DNA sequence: AATTTCACG
DNA sequence: ACGTACGTGAAATTA
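Residue numbers (my numbering): 76 to 437.
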């Protein structure tokens, strides 16, 4: 059995000044000071000291002492859940909730990125080196670790500041990003051969607006923000194997409204329903599903007697060919790009290939 | 070592 | 009546 080793390492540098700047909230407030202030404020609102970073202690404060809600949601081990989606749904107007959420966001960025990444700059190269793993993700995607460079923040303003710390090695280099637009929805459009969805892509339409227009029966320019947002959620839901309950959790819609929306969606893109059912049927008969390049995901639970377990396997049967085919296509693109750069004798490159001996831990 | 939470696609 | 979105990795807390 050949040993599985990382495919390659990607090197990126960190800007020292950006890293310094990230320590500071405002000119004279460091992250640590802000975090301490938030914890003190939370203690004040709770009427006692506790570890704000401890979900266990926090659950007791919120749901036993302050009794913020009647029926707190529990985790699978019976603890009170204090996950962000629970807190903001239950009581986003409470000052203590706002403290918790800002504390969580700030401490996440500080511990996982601002503090950890500079530690990972390799002395011998002066760069950050990640490992890409070829044989970890069940769908065929690459994964990244030590450090994970596939989850560098970008969604929030503070997160964008973190991402800005990544710079090319010197003035002679630039970082280039290449990315497919809506690749998973394009794949499901192509595989299902649903002409409505194919047409929307071929006409270069915003797929979420186009979906909203069709589903809600309005013209493209009259789609409201809420309609587009709901259509977007269903589009993603389809990729994951949507349920009415799941959709209602992700939107402000009730379960009944969600069910109707899904029905209307399938009426809009009728071949998607066939495609999804065909994938589930194939998995049931064969025990696996395939991507466009023939990569298989085996689904041992597809015929389980347990409806919950079977349901999860059915969602995998829908999702794996889509997510996995996207991974196939992106890997082909990486190869094409690499070849093109070489053929043109350009200095630009995708990562240097991994050579263990060059990257011994120091 | 397991759990919880949260960063990304 | 049940429980439910797909795929990862890392840090802090808890057991």
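All C-beta atoms in this analysis are idealised placements derived from N, C-alpha and C, irrespective of residue type, glycine included.
All values reported here derive from a predicted model rather than from experimental measurement.
Which of helix, strand or coil DSSP assigns to residue i
i, result
"residue 200", "coil"
"residue 205", "strand"
"residue 239", "coil"
"residue 89", "strand"
"residue 286", "helix"
"residue 344", "coil"
"residue 380", "coil"
"residue 164", "helix"
"residue 126", "coil"
"residue 244", "coil"
"residue 234", "helix"
"residue 430", "In this prediction, residue 430 has a pLDDT of 44, which is less than 50 and means its spatial position is unreliable; what the coordinates show is noted afterwards. The answer is coil: DSSP assigns residue 430 none of H, G, I, E or B."
"residue 274", "helix"
"residue 249", "coil"
"residue 299", "coil"
"residue 95", "helix"
"residue 189", "helix"
"residue 403", "helix"
"residue 112", "helix"
Residue j beta carbon less than 8 Å from that of residue i
i, j, result
"residue 501", "residue 144", "The structure shown does not extend to residue 501, since the chain is modelled only from 76 through 437, so no value can be given for it."
"residue 214", "residue 395", "yes"
"residue 219", "residue 198", "no"
"residue 328", "residue 240", "no"
"residue 257", "residue 227", "no"
"residue 372", "residue 399", "yes"
"residue 127", "residue 178", "yes"
"residue 284", "residue 295", "yes"
"residue 377", "residue 370", "no"
"residue 262", "residue 397", "yes"
"residue 94", "residue 193", "yes"
"residue 319", "residue 304", "no"
"residue 364", "residue 374", "yes"
"residue 354", "residue 309", "no"
"residue 137", "residue 157", "yes"
"residue 409", "residue 344", "no"
"residue 40", "residue 237", "This structure cannot speak to residue 40, because the chain is shown only from 76 to 437."
"residue 49", "residue 222", "With the chain represented from 76 up to 437, any question about residue 49 goes unanswered, as that position is not in the structure."
"residue 260", "residue 174", "no"
DSSP beta-bridge partners of residue i
i, result
"residue 419", "DSSP, once it has assigned bridges, lists no residue as partnering residue 419."
"residue 364", "372"
"residue 220", "206"
"residue 155", "149"
"residue 326", "The partner list for residue 326 (beta bridge, DSSP) is empty, contrary to what the question assumes."
Presumed contact (8 Å Cβ cut-off) between residue i and residue j, rounded CB distance
i, j, result
"residue 176", "residue 186", "Incorrect: roughly 16 Å between the Cβ atoms, too far for contact."
"residue 56", "residue 350", "This structure does not reach residue 56, given that the chain is present from 76 up to 437, and the question cannot be answered."
"residue 336", "residue 347", "Going by Cβ atoms, the distance from residue 336 to residue 347 rounds to 14 Å, so no, they are not a contact pair."
"residue 276", "residue 264", "6 Å"
"residue 89", "residue 172", "Wrong, their Cβ atoms sit about 33 Å apart, outside the cutoff."
"residue 109", "residue 181", "6 Å"
"residue 402", "residue 233", "In fact, because the Cβ distance is near 30 Å, the residues do not count as touching under 8 Å."
"residue 290", "residue 339", "5 Å"
"residue 125", "residue 132", "5 Å"
"residue 161", "residue 148", "5 Å"
Residue i beta carbon near the ligand ZN (any heavy atom closer than 7 Å)
i, result
"residue 207", "As far as ligands go, the structure on display features none, and thus does not contain the ligand ZN."
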